[in-house]
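Below: the structure, in structure tokens.
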Amino acid sequence: EIRSPINGWVTDRPLYPGEMVSAGTPLITVMDLSKVIARAHIPEEQAALVKIGDKATVGSPDVEKPVEGKVTVVSPALDPNSTTVEIWVQASNPKRQMKPGSSVRLVITAATVPDTLVVPATAVQTNPDGGTFVMLAGADGKAHQTAVTVGIKQDQEVEITRGIKSGDKVITAGAYGLPDNTKIKIETANEPEKEAAKPSAESPGKDNDEK
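To get the working numbering, take the position in the sequence shown, counting from 1, and add 625.
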């Protein structure tokens, strides 16, 4: 009798009854699918913000909504081929819907900053010296290059920790390559028509006096 040391589900059975095997040959593969471990490689600068125990979510086409998990491993070494850091996230696998080996989307909450100032990532530019800046629309009708210090980056937004304040008008479109002190004209999207055109009361091709 052969027993598995863990409870789980058979995911691979390369041999069948009656086949000859040698010592050390795997008979079956048993996996505990009640939990999954998702592995990912992230840039070194982002990995520096991640620590074991950080909250995360694991999304997959196999589940209706992402499931909650936690970071369990942050590799202390860089991958020599990609210069990235490998991390592991363990999450529950409701109804065993996520399949081993499938692709997933990880979202890790490395830090939470309340009441912070953010701008679209496309608005932040880098000068030849490596510094970051944004272009502000000044009250004088000119674009002004303003140095900023960036913080946390998330999706399409970037935190600004220094350089601008709430209420400043940041140019988010057409700012790339725009020289400092260039005269600008701010255009806004056309407002929707307040009222649809009313149909004419007159029939086309007829004279008004016709009975």
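Beta carbons are placed, not taken as given, at the ideal position from N, Cα and C, and that holds for glycine.
CA-to-CA distance, residue j to residue i, given in whole angstroms
i: Pro739; j: Thr636; result: 45 Å
i: Ser659; j: Ile627; result: 23 Å
i: Ser629; j: Val710; result: 33 Å
i: Gln781; j: Val732; result: 14 Å
i: Gly830; j: Leu803; result: Model confidence at Gly830 stands at a pLDDT of 41, short of 50, so the residue's coordinates are unreliable; what they give is reported in the following sentence. If I take the Cα positions, the gap works out to 55 Å.
i: Val696; j: Lys790; result: 34 Å
Cβ neighbours of residue i in the same chain (closer than 7 Å, five flanking residues each side left out)
i: Pro824; result: With a pLDDT of 41 at Pro824, under the threshold of 50, the modelled position of this residue cannot be trusted, and the question is left open.
i: Gly633; result: Val655, Met656, Asp657, Leu658
i: Ala665; result: Ile712, Leu731
i: Gln770; result: Phe758, Met760, Asp805
i: Lys794; result: Leu761, Ala762
i: Ile809; result: Ala762, Gly766, Lys767, Ala768
Own chain residues within Cβ distance below 8 Å of residue i, not counting five before or after
i: Lys819; result: Here the model assigns Lys819 a pLDDT of 41, short of 50, so the residue's position is not dependable, and the following value carries that caveat. Correct list: empty, nothing qualifies.
i: Thr734; result: Asp679, Lys680, Ala681
i: Val646; result: Leu640, Leu652
Assumed close pair residue i, residue j - CB separation to whole angstroms, cut-off 8 Å
i: Leu674; j: Ala736; result: 6 Å
Span of the beta strand (DSSP E), counted from its first residue to its last, around residue i
i: Glu711; result: 709-717
i: Val773; result: 767-779
i: Thr636; result: 634-637
i: Arg787; result: 782-787
i: Ala736; result: Premise fails: Ala736 is in no beta strand (DSSP E) and is neither H nor E.
Span of the alpha helix (DSSP H) around residue i
i: Glu670; result: 669-672
The ligand FAD heavy atom lying under 6 Å from the CB of residue i
i: Val775; result: Of ligands this structure carries none, so the ligand FAD is not represented either.
Cβ contact (3+ pairs, closer than 8 Å) linking the stretch 681-688 and the stretch 740-758: no
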